[in-house]
Every structure is written in C-alpha cells, then in structure tokens.
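Student: In the working numbering, the protein residues as written are 59 to 137. Positions of the beta carbon are idealized from the N, C-alpha and C atoms, including for glycine. All values derive from a computational prediction rather than experimental measurement. Below is one structure. I have some questions about it.
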C-alpha cells in the first residue's frame, strides 16, 4: 500500500505484475479504505492526500497501448 502523497512509477508497477500490450490496468493502492464508504473513511485524506502516478506513466501507458486504466483512489492525478 502507498502512503499519503506517494508517487508510483511504471517500474514499481512492473515489479509487481506483468503488463502486456493492450491490457486493462487497475492499480490497487489500498487508498479506497479512506473513502466515505469505509469505516476508516477520512474524506480530507481521500480527496487531498492520495498517492498518484509519476509523470512518466503517460508515455509508458501509450507505449504499452493500455486501453483503460484506473485506480482505487478519487483520481488518477497526483494532488
């Protein structure tokens, strides 16, 4: 799991899973536990302090021809 404002990179993803051309990629950060739907919910933390991708993820997603990607956070953007 990632901590507040952490950044994840393509290399971190590839250390954990094989990403093939054309895959659908969902990144599990563990951050969903701070959503309002969780008993541990912390809306401020969930919305304003979530982790996010390093800028190098964009060319990597294009190179891998990832069709769809998502995260278990409020946004794929880093705050």
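From the DSSP secondary-structure annotation, give me the bridge partner or partners of residue 111.
Tutor: Here residue 111 refers to the residue found at position 53 when the chain shown is read from its first residue. Bridge partners of residue 111: 66.
Student: According to the Cβ coordinates, are residue 68 and residue 89 closer than 8 Å?
Tutor: By one-based count along the chain shown, residue 68 stands at place 10. By one-based count along the chain shown, residue 89 stands at place 31. The answer is no: Cβ separation not under 8 Å.
Student: On the three-state DSSP scale, how would you describe residue 124?
Tutor: In the chain shown, counting from the first residue as 1, residue 124 sits at position 66. Correct three-state label for residue 124: coil.
Student: Any contact between the region 75-87 and the region 118-130? By contact I mean 3 or more CB pairs, one from each, below 8 Å.
Tutor: Cβ pair count under 8 Å is three or more, so yes.
Student: Using the Cα positions of residue 118 and residue 71, report the straight-line distance between them to the nearest angstrom.
Tutor: The sequence position of residue 118 within the chain shown is 60, counting from 1. The sequence position of residue 71 within the chain shown is 13, counting from 1. The alpha-carbon atoms of residue 118 and residue 71 are separated by roughly 11 Å.
Student: I'd like the list of long-range same chain contacts for residue 105, defined as Cβ closer than 7 Å, with 5 residues on each side in sequence excluded.
Tutor: Counting from one through the chain shown, the residue named residue 105 turns up at place 47. Excluding positions up to five away in sequence, the list reads 132.
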